[in-house]
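So the sequence shown is numbered by my numbering: it starts at 1358 and just counts up by one.
Notes follow the structure.
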Amino acid sequence: MATLLYRLGRASLRRRRLVAVIWLVVLVGLGLAAATLRGPTASNFTMPGTESQKAIDLLADRFPAASGATGTIAIKAPQDGALTTPAGQGLVKQVTQEAATLPGVVGAVDPYQAQALTPDGRYALIQVQFAGGVDEITDEQRDAYEKVGEQAEAQGWQIAPGGEVLNAEPEVGSTEAIGVLVAAIVLVITFGSLVAAGMTMLNALIGVGVGMAGLFALSGAVELTSTAPILALMLGLAVGIDYSLFITSRHRQNLLDGLSPEEAVGRAVGTAGSAVVFAGATVVVALAGLAVVGIPFLTVMGLAAAGTVTIAVLVAITLAPALLGFAGYKVLPRKLRDRKAVEDPATGSEDRSGFGFRWARWVTKLRIPVILVGLLGLGLLAIPAQDMRLALPDASAAAEGTPARVSSDLIREGFGPGFTGRLAVVVTADSPQATQAAIPQVTALIQKTDGVLAVAPPQVDPSGRTALLGVIPESGPTDEATETVVQDIRKQVAGIQNADVLLTGVTAVGIDVSEKLSDALPVYLLLVVGLSILLLMLVFRSILVPVKAALGFLLTVAATFGITVAVFQQGHLADLVGLDTPAPLVSFLPILLIGILFGLAMDYEVFLVSRMREDFVHGDTAQQATINGMGHGARVVTAAALIMISVFGGFVFLEDPIIKSMGFALAIGVAIDAFVVRMTIVPAVMSLLNNAAWWLPRWLNKILPNVDVEGEGLRAHLAEKQHAQV
């Protein structure tokens, strides 16, 4: 692999204009395709095979009028009893009529007919039924819905439209640009050259542009969830900068060693590029492996992010060498650009007084205390993870002041939390008579279920074969008590004869999604850990190094879960991340976090340990190789980690709680893995293992193919080439 990439790097530099033009054409072409073929994203999370999804599909087929998106308009009068006065009734009926005539609305239910009033005559609810699903609601329809009741508000009434119809695609604004700015500053400090920093950032931005354009071009044919493009943007930008950083750093070192620009870039792509390809492959495999879970929206998210990472790798090993060719010696700090200084072997001599070498010597000297303190610290951080709860967030967790949150708070204030998470029971049979006979039985069974506040009168489709009953639980959508209510209702109605009874609704869908993801989490974790051991065994030709890497990954995941639970679920230090209301973690966050952190953890493992193996293979002792690997890689890995933390951290400033928690968890996970696990515990363990770290049974050594990530084959190739020239 190293020899092949060496040739690719040199070819890319020699034909740099052609390479740059090709990538520019690809970017423009995909950009035009995205502009013309882009389709809508989905804000709902479907789960084929679950009872709630079967009910939704059945409603769409037999009772389409009740299968669209729903909205709930909460009304609060200026004083008690105002709703019972003629003026109050007239005002509420006016708001109801206004809602019923909105574009895309099938109808609005008069709260007086539905008895959706509080006993004190101050609060009322208007149920609004849209014809299309949540993803079919246009921005114009949503804006018109949010403006309902403006005339009533001018008279001192509070009108708060809410419900699932307000679920919209989270917007990526200017806040995450802060992360990119910090990344640019880190690059300038790391390289000491604006040219090198700018070239690395440009390389990453082109890769992200190509990846995102390709993703949106496919969105017309493939349904994307609203979070998929943002996840792809997060990862594509972070790894794109990091991968170019690693290659540029090795190229600069090669220039300082006296190599020509073409030879320097060839060797940089052959060595650091090999690590980039392998690291990128681990990220892609981990993300694509989400398809194994069998959850469509998670599969799409994983594949979308994997696609942008693949583009980032291709850009790093082709466009980066081309741009380095354009930059020449300007990638070096100004004081080192003098050609004589570069070619002077003394200038390129290895400095072992840097922080990386000093840190490595200190860690290896105090390896036992370092390992114990590291394990104890990460163990303590992981403690809150045992209380982790998963759910799809409801409006009560939205940012304060948003329409969805205002409506949710008003409903809770007047009616209680159960009214913000209504359940829906679908009763269907082959004949209207069977359906009518089943409805009273179902209603009676549900009413006597603990935790049920009320059961609304049924809505029946024109054929009379399908009925929809609204169920109000006593607890909120994400409360544990509501999960119990859902399970108890399903048990109660399981014995109904001659009719099918299915429980659905946004709350039930969230519970079903969370349950299936929780069941899949251990399986996926086992898959990822097993995969990491096999891949690293292939790269490092060792038994203990892969096992150590996998255990370190588990420590990272546990500590990350613990901190994320403490902040987002338990509310500790929530103000620092702009979180208004603590809530259970979004149900797909843990499994997604495992996939992403696995790939990123392997990045740092490969970049650090591959240099250790490179020096060990070429004659250094195991102890010295460990110090060398840390000494050479610490500065670059520190910069790479800070860049990733900055990019991910930029998304914490978004209002959307899902994106906020994803950005926070990824930033914390990278910080823990890079600085605590890879740069502290790993060298301490490697020093403790000594030569045993590189032990591999002979029979296994013969079976495993040699991918030559450390560039041993490349060195032999270059030596042979040099000998032939002599």
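Here a beta-carbon is modelled for each residue, glycine too, at the ideal position from N, C-alpha and C.
Everything numeric in this text was worked out from a predicted model, so none of it was measured.
Alpha carbon to alpha carbon, how far is residue i from residue j?
| i | j | result |
| --- | --- | --- |
| proline 1678 | arginine 1607 | 11 Å |
| isoleucine 1829 | valine 1858 | 17 Å |
| valine 1622 | phenylalanine 2005 | 30 Å |
| tyrosine 1600 | threonine 1759 | 39 Å |
| alanine 1359 | glycine 1909 | 27 Å |
| phenylalanine 2021 | aspartate 1977 | 40 Å |
| glutamate 1580 | glycine 1425 | 18 Å |
| alanine 1717 | alanine 1625 | 24 Å |
| alanine 2024 | valine 1886 | 21 Å |
| proline 1397 | aspartate 1751 | 22 Å |
| alanine 1553 | leucine 1671 | 19 Å |
| leucine 2011 | leucine 1946 | 16 Å |
| isoleucine 1984 | arginine 1724 | 12 Å |
| alanine 1471 | proline 1815 | 11 Å |
| phenylalanine 1635 | serine 1944 | 30 Å |
| phenylalanine 1488 | alanine 1906 | Looking at the sequence provided, one finds alanine at residue 1488 rather than phenylalanine. Straight-line Cα distance between these residues: approximately 53 Å. |
| leucine 1474 | leucine 1559 | 59 Å |
| aspartate 1845 | threonine 1839 | 10 Å |
| glycine 1952 | alanine 1645 | 9 Å |
| glutamate 1497 | alanine 1761 | 17 Å |
| leucine 1551 | threonine 1938 | 42 Å |
| leucine 1375 | glycine 1627 | 21 Å |
| glutamate 2039 | arginine 1970 | According to the sequence as given, residue 2039 is valine; it is not glutamate. The alpha-carbon atoms of valine 2039 and arginine 1970 are separated by roughly 13 Å. |
| alanine 1997 | phenylalanine 1925 | 26 Å |
| valine 1452 | alanine 1509 | 8 Å |
| arginine 1779 | valine 1863 | 8 Å |
Does the Cβ-Cβ distance between residue i and residue j come in under 7 Å?
| i | j | result |
| --- | --- | --- |
| glycine 1555 | alanine 1669 | no |
| arginine 1479 | aspartate 1414 | no |
| isoleucine 1920 | leucine 1738 | yes |
| proline 2088 | leucine 1747 | Look at the range of the chain in this structure, 1358 to 2083, and you will see that residue 2088 is not part of it. |
| glycine 1685 | proline 1726 | no |
| methionine 1745 | valine 1922 | yes |
| glycine 1564 | glycine 2007 | no |
| lysine 1450 | glutamine 1515 | no |
| alanine 1795 | isoleucine 1890 | no |
| alanine 1439 | isoleucine 1768 | no |
| glutamine 1513 | proline 1443 | Correcting the residue identity first, residue 1513 is glycine in this sequence and not glutamine. No. Outside cutoff. |
| alanine 1574 | leucine 1394 | yes |
| alanine 1916 | isoleucine 2029 | yes |
| leucine 2046 | leucine 1901 | yes |
| glycine 1682 | leucine 1370 | yes |
| alanine 1534 | alanine 1589 | no |
| threonine 1785 | threonine 1841 | no |
Our contact map puts residue i next to residue j with C-beta atoms below 8 Å; I'd like the distance itself, whole angstroms only.
| i | j | result |
| --- | --- | --- |
| leucine 1735 | valine 2033 | 7 Å |
| leucine 1362 | glycine 1571 | About 23 Å separates the two Cβ atoms, so there is no contact after all. |
| isoleucine 1656 | glycine 1568 | It should be noted that the sequence gives threonine, not isoleucine, for residue 1656. Not a contact, Cβ separation roughly 18 Å. |
| asparagine 2058 | arginine 1847 | So it is not a contact: roughly 55 Å between Cβ atoms. |
| alanine 1412 | threonine 1861 | 4 Å |
| leucine 1448 | alanine 1501 | No, leucine 1448 and alanine 1501 are not in contact; Cβ-Cβ is about 19 Å, not under 8 Å. |
| leucine 1826 | valine 1763 | That belief does not hold up - the Cβ atoms of leucine 1826 and valine 1763 are roughly 28 Å apart, past 8 Å. |
| glycine 1464 | isoleucine 1494 | No, glycine 1464 and isoleucine 1494 are not in contact; Cβ-Cβ is about 16 Å, not under 8 Å. |
| threonine 1429 | glycine 1519 | 5 Å |
| valine 1914 | leucine 1954 | 6 Å |
| isoleucine 2016 | isoleucine 1379 | Contact doesn't hold; Cβ gap of about 33 Å is too wide. |
| leucine 1965 | valine 1994 | 6 Å |
Using the rule of at least 16 other Cβ atoms within 10 Å of the residue's Cβ for burial, across every protein chain shown, is residue i buried or exposed?
| i | result |
| --- | --- |
| serine 1788 | exposed |
| phenylalanine 1603 | buried |
| asparagine 1855 | exposed |
| serine 2044 | buried |
| proline 1741 | buried |
| leucine 1732 | exposed |
| isoleucine 2060 | exposed |
| phenylalanine 1712 | exposed |
| proline 1690 | exposed |
| asparagine 2063 | exposed |
| threonine 1766 | The displayed chain sequence assigns aspartate, not threonine, to residue 1766. Under this definition aspartate 1766 is a buried residue. |
Legend entry - At least three beta-carbon pairs within less than 8 Å, the region 1643-1657 to the region 1867-1885: yes
Inset, instruction - Kindly confirm or deny that the region 1632-1643 and the region 1854-1868 touch, where touching means at least three C-beta pairs closer than 8 Å. - result: Counting Cβ pairs under 8 Å, fewer than three are found: no touch.
Legend entry - Cβ contact (3+ pairs, closer than 8 Å) linking the region 1801-1818 and the region 1832-1850: yes
Legend entry - Inter-stretch contact at 8 Å, needing at least 3 Cβ pairs: the region 1774-1788 / the region 1832-1840: yes
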